[in-house]
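Everything below concerns the one structure shown next.
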Amino acid sequence: AQSVAQPEDQVNVAEGNPLTVKCTYSVSGNPYLFWYVQYPNRGLQFLLKYITGDNLVKGSYGFEAEFNKSQTSFHLKKPSALVSDSALYFCAVRDRNYGQNFVFGPGTRLSVLP
Amino acid sequence: EPEVTQTPSHQVTQMGQEVILRCVPISNHLYFYWYRQILGQKVEFLVSFYNNEISEKSEIFDDQFSVERPDGSNFTLKIRSTKLEDSAMYFCASDRADTGELFFGEGSRLTVL
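Protein chains in written order, with the working numbering: chain E, 7 to 120; chain C, 75 to 187.
Structure follows, in structure tokens:
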């Protein structure tokens with residue numbers, strides 16, 4: 007069975023500082039990993055994904071994430087946070103050997119303070 | 075930019091009533107999904123649909139739920155007899171070619187009284 011953990015319900019960071027939103031996963035096979043962002047009263051928006059290849063993947067809005075197989079982690083990062091990055095962030099995993107079901111983590115609310 | 079559209083944006087219904095939530099996926103997409111989110115928190119998979127049939131469904135998607143793609147553009151979720159615990163935001167999503175880059179609609183909020 008697949009599962010995703012996001013250990014922090016809330017992350018606060020000052021504008022201009024680097025941000026990290028943590029994600030760890032569990033799958034029986036090899037994972038596809040994703041980050042989605044949800045702004046208030048909106049649907050989820052795709053940010054980035056890891057399928058294969060370089061462990062560091064770059065996505066929309068200056069975000070990047072690093073796949074670490076040994077630690078089963080896929081933390082989301084951005085070098086310099088913006089107030090407009092404040093949103094709910096979801097990590098998701100899909101077992102590439104098991105269908106199309108994405109399992110989403112519980113979400114981490116990011117607040118970037120001016 | 076193409077988008078997934080959902081109607082209604084909000085529906086209030088009495089327990090035991092049937093509800094149909096409608097979605098128009100992006101026109102050249104082939105994979106379709108329904109997810110739900112309760113209280114703005116956990117996003118739960120309901121069902122995936124490809125090639126005019128359900129490809130996968132979760133435990134939540136019991137006999138009270140059904141999906142259809144009746145006319146090649148709409149993708150509907152029907153709940154036959156709503157329960158209080160069905161109250162949630164329901165999101166439709168589509169994918170061009172099983173890429174994992176889901177495009178989500180803005181959601182339909184269902185309130186069951």
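Glycine residues also receive a C-beta, built at the ideal position from the N, C-alpha and C atoms.
Contact set for residue i: own chain, Cβ-Cβ below 8 Å, skip 5 residues either direction
| i | result |
| --- | --- |
| Asn126 of chain C | Arg143 |
| Gln85 of chain C | Val93, Leu95, Ser182, Arg183, Leu184, Thr185 |
| Asp91 of chain E | Leu25, Tyr67, Lys84, Leu116, Val118 |
| Val117 of chain C | Tyr109, Arg110, Gln111, Phe165 |
| Val17 of chain E | Leu25, Thr26, Val27, Thr114, Arg115, Leu116, Ser117 |
| Pro23 of chain E | What sits at residue 23 of chain E in the sequence shown is Asn, not Pro. Within the same chain, Asn23 of chain E has close Cβ partners Ser86, Ala87. |
Buried or exposed (CB count within 10 angstroms, at least 16 for buried), residue i
| i | result |
| --- | --- |
| Leu187 of chain C | exposed |
| Tyr42 of chain E | buried |
| Leu158 of chain C | exposed |
| Pro76 of chain C | exposed |
| Ser9 of chain E | exposed |
| Lys64 of chain E | exposed |
| Tyr109 of chain C | buried |
| Thr114 of chain E | buried |
| Thr156 of chain C | buried |
| Val93 of chain C | buried |
| Ser168 of chain C | buried |
| Gly174 of chain C | buried |
| Ala7 of chain E | exposed |
| Leu113 of chain C | exposed |
| Asn107 of chain E | buried |
Candidates the options: closest to residue i by CA position
| i | options | result |
| --- | --- | --- |
| Glu21 of chain E | E:Tyr95, E:Lys84, E:Ala71, E:Gln44 | E:Lys84 |
| Leu250 of chain C | C:Val98, C:Tyr107, C:Thr79, C:Ser101 | Nothing can be reported for residue 250 of chain C: it is not among the residues displayed for chain C, which extend from 75 to 187. |
| Val89 of chain E | E:Leu25, E:Glu14, E:Ala11 | E:Leu25 |
| Gly179 of chain C | E:Gln12, E:Asn107, E:Lys75, E:Asn47 | E:Asn47 |
| Val118 of chain E | E:Ser86, E:Lys55, E:Asn74, E:Phe96 | E:Ser86 |
| Tyr164 of chain C | C:Ser147, C:Gly90, C:Gln88, C:Val121 | C:Val121 |
| Gln12 of chain E | E:Gly49, E:Tyr95, E:Asn61, E:Leu54 | E:Tyr95 |
| Gln80 of chain C | C:Gly174, C:Ile128, C:Gln88, C:Phe149 | C:Phe149 |
| Pro99 of chain C | C:Phe135, C:Gly114, C:Phe123 | C:Phe123 |
| Gly35 of chain E | E:Lys75, E:Asp15, E:Asn61, E:Gln51 | E:Lys75 |
| Glu14 of chain E | E:Pro120, E:Cys97, E:Asn107, E:Phe108 | E:Cys97 |
| Asp145 of chain C | C:Cys97, C:Thr87, C:Gly90, C:Gln88 | C:Cys97 |
| Leu62 of chain E | E:Val27, E:Leu82, E:Val33 | E:Leu82 |
Where residue i meets chain E, residues with beta-carbon distance less than 8 Å
| i | result |
| --- | --- |
| Phe139 of chain C | None at all; the shortest Cβ gap to chain E is about 15 Å. |
| Phe165 of chain C | Gly49, Leu50 |
| Glu133 of chain C | Going along chain E, no residue has its Cβ under 8 Å from Glu133 of chain C, so there is no contact; the nearest lies around 11 Å. |
Same chain, Cβ closer than 7 Å to residue i, five either side skipped, listed in chain order
| i | result |
| --- | --- |
| Asp172 of chain C | Tyr105 |
| Val45 of chain E | One detail in the question is off: residue 45 of chain E reads as Tyr in this sequence, not Val. Only Ala93 meet the Cβ criterion. |
| Phe119 of chain C | Tyr109, Ser132 |
| Asp60 of chain E | none |
Sequence-distant residues of its chain with Cβ nearer than 6 Å to residue i (five each side left out)
| i | result |
| --- | --- |
| Arg170 of chain C | His103 |
| Arg154 of chain C | Glu92, Gln138 |
| Ser79 of chain E | Thr30 |
| Pro112 of chain E | Gln12 |
| Ser140 of chain C | Lys152 |
| Phe40 of chain E | Lys55, Ala98 |
Proximal residues of chain C, C-beta to C-beta of residue i below 7 Å
| i | result |
| --- | --- |
| Lys55 of chain E | Gly174, Glu175 |
Residue i: contacting residues in chain E (beta-carbon distance under 9 Å)
| i | result |
| --- | --- |
| Gln115 of chain C | Leu94, Pro112, Gly113 |
| Phe106 of chain C | None at all; the shortest Cβ gap to chain E is about 10 Å. |
| Phe178 of chain C | Tyr42, Gln44, Arg48, Gly49, Leu50, Gln51, Phe52 |
7 Å Cβ cut-off: residues of chain E touching residue i
| i | result |
| --- | --- |
| Glu75 of chain C | Chain E residues near Glu75 of chain C: none, gap ~11 Å exceeds 7 Å. |
| Gly181 of chain C | Gly49 |
Cross-chain neighbours of residue i in chain C, by beta carbon under 8 Å
| i | result |
| --- | --- |
| Val109 of chain E | Phe119 |
Quiz item: At a Cβ cut of 7 Å, what residues of the region 23-48 of chain E count as close to chain C, listed as they run along the chain?
Solution: If the cut-off is 7 Å between Cβ atoms, the region 23-48 of chain E has Tyr38, Phe40, Arg48 near chain C.
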